[in-house]
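First comes the structure, then the notes that go with it.
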Amino acid sequence: MTTSGNSVLHIDLAKATSTDNAVPKSTTTTVSTDSDCSPDTVDLKSIELSANNRFYAMLQTMEVLPSPVFQGDHTELCSDHNRRDRGYRYCLPISGRKASNFCAGTDRMELLAHPTTANRCYASVLHMLLTDVYDELQATGSDPILTFGTLLGAIRNGSMIPFTEDVDIAYSGTITGNGALNDALWKKGYHLFDYGIWRVCVAPTHPLASVLYDPEAPIVQEYEVPYVDLYKMNTQNGGKFWKMQEAKERIPTDRVEPFSQVTLNGLSFDTLHDPNYFLTQEYGSDYLKPKPRKPEDAFPDEIEEVETRRSRRLVHGSKGFRSDDNILLEDQEEAP
0 MTTSGNSVLH IDLAKATSTD NAVPKSTTTT VSTDSDCSPD TVDLKSIELS ANNRFYAMLQ
60 TMEVLPSPVF QGDHTELCSD HNRRDRGYRY CLPISGRKAS NFCAGTDRME LLAHPTTANR
120 CYASVLHMLL TDVYDELQAT GSDPILTFGT LLGAIRNGSM IPFTEDVDIA YSGTITGNGA
180 LNDALWKKGY HLFDYGIWRV CVAPTHPLAS VLYDPEAPIV QEYEVPYVDL YKMNTQNGGK
240 FWKMQEAKER IPTDRVEPFS QVTLNGLSFD TLHDPNYFLT QEYGSDYLKP KPRKPEDAFP
300 DEIEEVETRR SRRLVHGSKG FRSDDNILLE DQEEAP
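Right under this line is the structure:
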């Protein structure tokens, strides 16, 4: 962490450790009475690339970005102390657009152009979260699959749903706050925390933090940034069924295994063996047909916003996403 001001004190933290940072590193912290500070961001060269990871391959060839500068209430983001207990509050404040007419088909590669809040899409950040979290779940043997709204977007359009705030991934096995998944995500600049279910958001230490950060946004409250929901899956009744957190019903094993594949923004992901069965159970037989809705965007002065955010009851176990949550321009009469 670096803070700046008129009167400074340099402290050697080479031996400092953090219970949340799996890779403690030497640093020099500048302390002052002023209210500016910057966190230590992830060293891109330390990120191990998976095969054909064009996003990170390109990112590593680009000029290293400076750390974000936090002021006021945001200075609490300079420290990762007790971050898991802070939940959403440790997430990097990020804003972006969600209008379908502007953000349809957007992906993580667009973040390499350093878009501003005015032209950055939530879906771009979500796609980055999806690919990184999915890859690390695979690497830690958790057998990730796309589910709920993320699967719905892949089946409908082969892309992220532009107006949603989250990514939905189901997994097998056990996740812990200090386990292999936490360590792997932290090394890439992501924050894993338990809020009813395990969730992941972009941390202030992310290598793109300075361009993703919105200094005008408040400290993050529940569900107010791009994030990932992780749903635990396990077999029941001697292997006859699978139970997925937040799913309406248990799923027959032959509808789950062997996994099938779907394509989202040109990348292949595992999902249930019969995604049609699952989506019909969750959203009804007409899940492929979006219903007209008014537009939602990050700019209420430009267009009227409506609430499509899933119910806050999700933390208590009720999945609120609806298959008819599609956003159109106000002068459109029917869904595309």
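Each residue of the sequence shown is one higher than the one before, counting from 0 in numbering that gives the first Met the number 0. Backbone N, C-alpha and C define an ideal beta-carbon position, used for all residues, glycine too.
Cβ pair Pro203, Pro65 closer than 9 Å: no
Would Asn181 be called buried (16 or more neighbouring beta carbons within 10 Å of its own) or exposed? buried
Pop quiz: Pro161 and Ser99 are said to be a contact at Cβ under 8 Å. What is the actual Cβ separation, rounded to whole angstroms? 5 Å
Compute the distance between the beta-carbons of Ser123 and Cys90, then report whether it is under 9 Å. no
Closest by CA to Glu223, which one among Leu129, Lys97, Tyr286 and Ser49? Lys97
So His190 and Thr40 are in contact, right, with Cβ under 8 Å, and what is the actual spacing, rounded? The Cβ separation is near 13 Å, so there is no contact.
What is the C-beta distance between Pro143 and Ile168, in whole angstroms, given that I count them as a contact (C-beta under 8 Å)? 5 Å
Are three or more beta carbon pairs between the stretch 148-161 and the stretch 237-249 nearer than 8 Å? no
With H, G and I counted as helix, E and B as strand and the rest as coil, what does DSSP make of Asn233? strand
Determine the DSSP secondary structure at Pro65, reduced to helix, strand or coil. coil
DSSP on Leu91, reduced to helix/strand/coil? coil
Helix, strand or coil at Lys288 according to DSSP, with G and I counted as helix: coil
With DSSP as the reference, please indicate the residues paired to Ala169 in a beta bridge. Ile144 and Tyr230
Check the C-beta distance from Asp134 over to Ser49 and give it rounded, since I have them as a contact under 8 Å. 6 Å
So what does DSSP say about Asp134, is it helix, strand or coil? helix
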